[in-house]
Amino acid sequence: MKTRLIFKKVLIGLVIVSFLLGLVFLDTGYLTIQPGSAVLIEELIEIDEFPPKEGDLYLLTVSQQKASPLLYMFASMNQKVDLVKREAVIPPDMDLDEYYQLSIDMMNNSQLKAKYVALTNAKIDADITSEGVLVEKVLERGSAYGYLLEGDLITKINNENVYFDEQVINNIRTNEIGSNVNITVIREKEELSLLVPIGESETVRGTPALGIMVRNKALNLTSPIDISISTRNIGGPSAGMMFVLEIYNRLTEGDITGGLKIAGTGEILWDGSIGPIGGMKQKVFAAEKEGASILFCPEENFDEAVLYATQIEVVKVSHFKEVIDYLNNKN
């Protein structure tokens, strides 16, 4: 009788332990998007003979975690945290290591763009070159699967030369889902012309996409000024606009910030355009926690930003020149 009672207690204990472990470790298929931090950019950038100025500029981060059942319950009750399906952030055919590497590659690409845009806006000579756009991964569920191969070097789309990854992405987005696009690639030293169908993005519904991951090959910036950016473990392209502002402010006379604490987010493109980003709500909370007085954000993210901003002035921008104009008029 006593043995049976002990066995019953052990069994109940194992059930409870298993339940608690499940709450902590089981994967729900969701990710949590939480406010990250506001990072002082002057600590990340070094430019010989061009030290930081009085104003403080901040990039904004978010934190992503796999949502266990326990974390899922916490997130569903916290206004500052969003729950999103893993597939909405990470393509189904990509593992976490590949996604992390993609994020780092996007950050490195963003840094080069930021240097180029800052230098040219500061009227300093700069030249950017690339051998083409390299296909890093072809997703099995993407429309280009079976047409493009990993290692293909894209040189033309519809007979127009392409040198940068965003040219490929933007060109595809101008076409209709279900249509075809002519892509010229170099594959094992042979030039091929391929007719590739355009599908729909799995992470941004309604957006034309090929289901490929690309990066610039042999991207190189030539400039008389050496600019070093160290971003530690921060990934993604969303710090680009604020990198440009910090570099531009150091390279030009005066202090365009007027000594203010300014936060911002937005992908920077080669022509100075500013692209949309994710996690806008969480970045508003991070900026306000830091005590910034101004938050620059892409035009596409403005409605979400003002919905959650309570203590900060939100300014929508679609091009870096708008950032300069706003600060010049304010100061």
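Just so you know, the sequence shown maps onto residues 1 to 331 in the UniProt record's numbering.
Ideal Cβ placement from N, Cα and C applies to all residues, glycine included.
Predicted model only: the values in this text are computed from it and were never measured.
Between Ala286, Asp152, Ile45, Val314, which lies nearest to Asn216 when the distance is taken from Cα to Cα? By one-based count along the sequence shown, residue 216 stands at place 216. Per the Cα distances, Asp152.
Ser143 (DSSP reduced to helix, strand or coil): Mapped onto the sequence shown, residue 143 falls at position 143. Looking at Ser143 - three-state DSSP - the assignment turns out to be coil, as it is neither helix nor strand.
Please work out which residues of its chain come closer than 8 Å, Cβ to Cβ, to Asn249, disregarding the five sequence neighbours upstream and downstream, and give them in chain order. Counted from its first residue, the sequence shown places residue 249 at position 249. If we look at Asn249 and ignore the five residues flanking it on each side, its Cβ neighbours are Lys53, Gly55, Leu57, Asp255, Ile256, Thr257.
Ala67 and Leu31 closer than 8 Å at C-beta: Counted from its first residue, the sequence shown places residue 67 at position 67. Counted from its first residue, the sequence shown places residue 31 at position 31. Result yes, Cβ atoms of Ala67 and Leu31 sit closer than 8 Å.
8 Å contact criterion, which Asn182 and Leu195 should meet: CB distance rounded: Counting from 1 along the sequence shown, the entry for residue 182 is found at position 182. Counting from 1 along the sequence shown, the entry for residue 195 is found at position 195. Confirmed, Cβ separation roughly 6 Å.
Short check: CB of Ser318 to CB of Glu304, under 8 Å? As a first step, residue 318 must be located in the sequence shown, where it is residue number 318. As a first step, residue 304 must be located in the sequence shown, where it is residue number 304. The answer is no: Cβ separation not under 8 Å.
Near Asn161, which residues of its chain fall below 8 Å by C-beta distance, leaving aside the five closest residues on each side in sequence? Walking along the sequence shown from the start, residue 161 turns up at place 161. Thr155.
Along the chain, where does the alpha helix (DSSP H) that runs through Tyr100 open and close? Your numbering for residue 100 matches position 100 in the sequence shown. Secondary structure note for Tyr100: its alpha helix (DSSP H) is the uninterrupted segment 96-121.
Can you tell me whether Leu70 is helix, strand or coil according to DSSP? Along the sequence shown, read from residue 1 onward, the residue named residue 70 stands at position 70. In the three-state reduction of the DSSP assignment, Leu70 falls in the helix class, which pools H, G and I.
Starting from Ile47, trace the beta strand (DSSP E) both ways and give me its first and last residue. For this step, residue 47 is matched to residue 47 along the sequence shown. For Ile47, the enclosing beta strand (DSSP E) covers residues 45-47.
Report yes or no: do the region 134-154 and the region 275-290 share at least 3 C-beta pairs separated by less than 8 Å? The region 134-154, when compared against the region 275-290, does not touch it at the 8 Å Cβ threshold.
Can you find the residues in the same chain that come closer than 8 Å, C-beta to C-beta, to Ala126, ignoring five residues on each side of it along the sequence? Locating residue 126 in the sequence shown gives position 126, counting from the first residue. Hits under 8 Å: Lys115, Tyr116, Leu119, Thr120, Leu221, Thr222, Ser223.
For Ile90 and Val214, what's the separation of their Cα atoms in angstroms? Residue 90 sits at position 90 when you count from the first residue of the sequence shown. Residue 214 sits at position 214 when you count from the first residue of the sequence shown. Taking the straight line from one Cα to the other gives about 15 Å.
Selection from Leu219, Ser228, Ile262 that minimises the alpha carbon distance to Tyr326: In the sequence shown, residue 326 corresponds to position 326, counting from 1. Checked all of Leu219, Ser228, Ile262; the closest Cα to Tyr326 is Ile262.
Just checking, does the region 102-109 make contact with the region 168-180 on the three C-beta pairs under 8 Å criterion? No: the two stretches stay apart, fewer than three of their Cβ pairs being nearer than 8 Å.
Same chain, Cβ closer than 8 Å to Asp226, neighbours up to 5 away in sequence not counted: For the purposes of this step, residue 226 is taken as residue 226 along the sequence shown, with counting starting at 1. For Asp226, the CB contacts under 8 Å within the same chain, skipping 5 residues up- and downstream, are Ile47, Asp48 in chain order.
Between Ala286, Leu295, Ala309, Phe285, which lies nearest to Gly266 when the distance is taken from Cα to Cα? Stepping through the sequence shown from its first residue, residue 266 is reached at position 266. Nearest option by C-alpha distance: Leu295.
Leaving out five residues on either side along the sequence, give the residues of the same chain with a beta carbon under 6 Å from the beta carbon of Ser103. Translated into positions along the sequence shown, residue 103 becomes position 103. Within the same chain, Ser103 has close Cβ partners Gly235, Gly236.
Rounded Cβ spacing between Pro208 and Arg232 (contact assumed at less than 8 Å): Position 208 of the sequence shown, counted from the start, is the residue given in the question as residue 208. Position 232 of the sequence shown, counted from the start, is the residue given in the question as residue 232. Pro208 to Arg232, Cβ: 35 Å. No contact.
Under 7 Å Cβ to Cβ from Asp83, same chain only, skipping five residues before and after it: list those, please. In the sequence shown, counting from the first residue as 1, residue 83 sits at position 83. In the sequence on display, residue 83 carries Leu and not Asp. Here the set comprises Tyr30, Thr32, Ala67, Tyr72, Ala75, Ser76.
Determine the extent of the beta strand (DSSP E) in which Asp127 is found, giving its start and end residues. Taking the first residue of the sequence shown as position 1, residue 127 is located at position 127. First-last of the beta strand (DSSP E) with Asp127: 127-129.
Separation of Val244 from Phe320, as counted between CA atoms: Looking up residue 320 in the sequence shown gives position 320. Looking up residue 244 in the sequence shown gives position 244. Answer to the nearest angstrom: the Cα atoms are 8 Å apart.
Reduced DSSP secondary structure (H/G/I, E/B, other) of Asp255: Within the sequence shown, numbered from 1, the residue matching residue 255 stands at position 255. DSSP places Asp255 in coil when its eight states are reduced to three.
Using CA atoms only, rank isn't needed, just tell me which of Gln101, Thr184, Leu139 is closest to Gly132. For the purposes of this step, residue 132 is identified with residue 132 of the sequence shown, where counting begins at 1. For Gly132, the nearest C-alpha among the options comes from Thr184.
Name the DSSP beta bridge partners of Glu190, please? As a position in the sequence shown, residue 190 is number 190, starting the count at 1. When DSSP reads this structure, Glu190 sits in a beta bridge with Arg187.
Does the distance from the C-beta atom of Leu59 to that of Ile229 stay below 8 Å? Translated into positions along the sequence shown, residue 59 becomes position 59. Translated into positions along the sequence shown, residue 229 becomes position 229. Taking 8 Å as the Cβ cut-off, Leu59 and Ile229 do not qualify as a contacting pair.
Quick check on the burial criterion: 16 or more other C-beta atoms within 10 angstroms. Buried or exposed for Leu21? As a working note, residue 21 is residue 21 in the sequence shown. Reliability of the predicted coordinates at Leu21 is poor, the pLDDT of 47 falling under 50, and the value obtained from them is presented with this limitation in mind. With fewer than 16 Cβ atoms within 10 Å of its Cβ, Leu21 is classed as exposed.
DSSP three-state assignment for Asp56, whether helix, strand or coil: Position 56 of the sequence shown holds residue 56. Assigned with DSSP and collapsed to three states, Asp56 falls in strand.
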